[in-house]
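K.L.:
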Amino acid sequence: MTRLFINVCLSVGDEYEITGEDARYLSGVLRMRTGEQLTIVNQNRDEYLCEVIGFDKKSVTVSVVNRNINASEPPFKAVLYQSVSKGERMDYTIQKSVELGVSEIVPVFSERCVVRQENGKSSKLERWQKIAEEAARQSGRGIVPVISEPLSFDTAIKRAGDGDVTLFAWEEEKDKSLKQLLHEFHARLGEQNELPIINIFIGPEGGYSSEEAVKAENEGFTPVTLGPRILRTESAAPCVLSMLIYEFEL
611 MTRLFINVCL SVGDEYEITG EDARYLSGVL RMRTGEQLTI VNQNRDEYLC EVIGFDKKSV
671 TVSVVNRNIN ASEPPFKAVL YQSVSKGERM DYTIQKSVEL GVSEIVPVFS ERCVVRQENG
731 KSSKLERWQK IAEEAARQSG RGIVPVISEP LSFDTAIKRA GDGDVTLFAW EEEKDKSLKQ
791 LLHEFHARLG EQNELPIINI FIGPEGGYSS EEAVKAENEG FTPVTLGPRI LRTESAAPCV
851 LSMLIYEFEL
């Protein structure tokens with residue numbers, strides 16, 4: 611079912627006029643007709659089942675049929691610090707990470723990034739955010755994860771220091787596995803209902819340097835191995851998020 615993220619509070623029976631890009635999407639792209647249904651989700655994760663009751667040149671009017679609370683969000687807040695990769699690799703990482711429950715993605719420029727950091731605001735942010743929104747629609751998310759402004763590696767490790775646990779995926783780590791780290795953290799967490807913040811650091815195509823690994827450890831991060839095979843940068847984050855789902859949800 612078509613899904614829109616609009617920050618509005620409604621009640622059953624209310625009529626609401628959808629305008630702007632969302633209206634053009636419904637009428638021009640999807641060619642929806644009177645009587646068809648769609649879902650509107652707001653910031654509070656309220657889901658409104660709506661029926662289309664009218665159109666004009668610039669808007670679509672819907673009536674609220676039902677209201678529920680979205681139940682698709684994971685019992686943790688996963689913040690992905692993803693080293694920026696080239697071309698479609700970054701797009702793929704964002705799309706699959708959103709589908710797998712990430713809460714926020716912070717692009718990071720680490721030492722071995724092929725893509726170099728731009729001066730000023732990144733021109734790719736708007737496109738990345740649209741990829742995130744489309745993935746959130748497709749996967750039935752209750753939120754649209756934010757794609758934050760890119761950071762340098764040094765700034766990123768400082769920012770991530772206040773998380774409940776920070777895992778640093780590094781191919782040179784041989785002893786500590788992600789499985790061990792998650793089991794230990796889950797045991798410490800116990801039956802608490804709070805949403806733990808789990809920071810995930812994934813390196814670029816060439817991996818992290820030894821110097822970056824030392825900096826991360828000095829900030830209290832835990833280097834972990836993801837297994838005996840070296841993953842592509844666009845595969846690593848979905849791999850980690852899948853393991854989080856298995857540990858905390860299944």
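Residue numbers (my numbering): 611 to 860.
A virtual CB, placed ideally from N, CA and C, is assigned to each residue, including glycine.
In this text, all values refer to a predicted model and were calculated from it rather than measured experimentally.
#1: Can you tell me where the beta strand (DSSP E) holding residue 668 begins and where it ends?
#2: Return the CA-CA distance between residue 762 and residue 769, expressed in angstroms with no decimal places.
#3: With distance defined between alpha-carbon atoms, name the residue in 836, 699, 750 and 843 nearest to residue 651.
#4: In angstroms with no decimal places, state the Cα-to-Cα distance between residue 700 and residue 727.
#5: Can you list, in chain order, the residues of its chain with a C-beta nearer than 7 angstroms to that of residue 646? Leave out the 5 residues immediately preceding and following it.
#6: Check each candidate in 839, 644 and 711 and name the one with the smallest Cα separation from residue 686.
#7: For residue 777 versus residue 834, is the C-beta spacing smaller than 7 angstroms?
#8: Count the other CB atoms, across all protein chains shown, that sit within 10 Å of the CB of residue 617; report buried if there are 16 or more and exposed otherwise.
#9: Between residue 780 and the ligand NAP, is the CB less than 6 angstroms from at least one heavy atom?
#10: Residue 807: which of 669, 684 and 698 sits nearest, CA to CA?
#11: Going residue by residue through the stretch 776 to 802, where are the continuous alpha helix (DSSP H) segments of at least 4 residues, counting only ones entirely within it?
#12: Quick check for students: name the residue ranges of the alpha helix (DSSP H) that lie wholly in the stretch 632 to 690, counting only runs of 4 or more.
#13: Is it right to say residue 657 is buried, meaning 16 or more other beta carbons lie within 10 angstroms of its own, or is it exposed?
#14: Just checking, does the stretch 663 to 683 make contact with the stretch 811 to 818 on the three C-beta pairs under 8 angstroms criterion?
#15: CA-CA distance, residue 840 and residue 655?
#16: Once you ignore the five residues that flank residue 766 on each side, which residues in its own chain have a CB closer than 7 angstroms to its CB?
#17: Taking all protein chains shown into account, decide if residue 697 is buried (16 or more other Cβ within 10 angstroms of its Cβ) or exposed.
#18: In its own chain, which residues sit with a C-beta less than 8 angstroms from the C-beta of residue 660, not counting the 5 before and 5 after it?
#19: Following the continuous beta strand (DSSP E) through residue 833, name the residue where it begins and the one where it ends.
#20: On a CA-only basis, which of 632, 744 and 705 is nearest residue 844? Give me that one, please.
#21: Alpha carbon to alpha carbon, what distance is there between residue 739 and residue 733?
P.N.:
Taking the geometry as given:
#1: Neither: residue 668 is in no beta strand (DSSP E) and is coded neither H nor E.
#2: 11 angstroms
#3: Closest in C-alpha terms to residue 651, from the list 836, 699, 750 and 843, comes 750.
#4: Each residue's alpha carbon lies about 14 angstroms from the other.
#5: 662
#6: 711
#7: yes
#8: exposed
#9: In the structure shown, the ligand NAP is absent, as is every other ligand, since no ligand is present at all.
#10: 684
#11: 788 to 799
#12: Correct list: empty.
#13: buried
#14: no
#15: CA-CA distance, residue 840 to residue 655, rounds to 37 angstroms.
#16: 691, 716 and 718
#17: exposed
#18: 626, 647, 648, 649, 650, 672, 673, 674 and 675
#19: The continuous beta strand (DSSP E) containing residue 833 extends over residues 832 to 834.
#20: 705
#21: 11 angstroms
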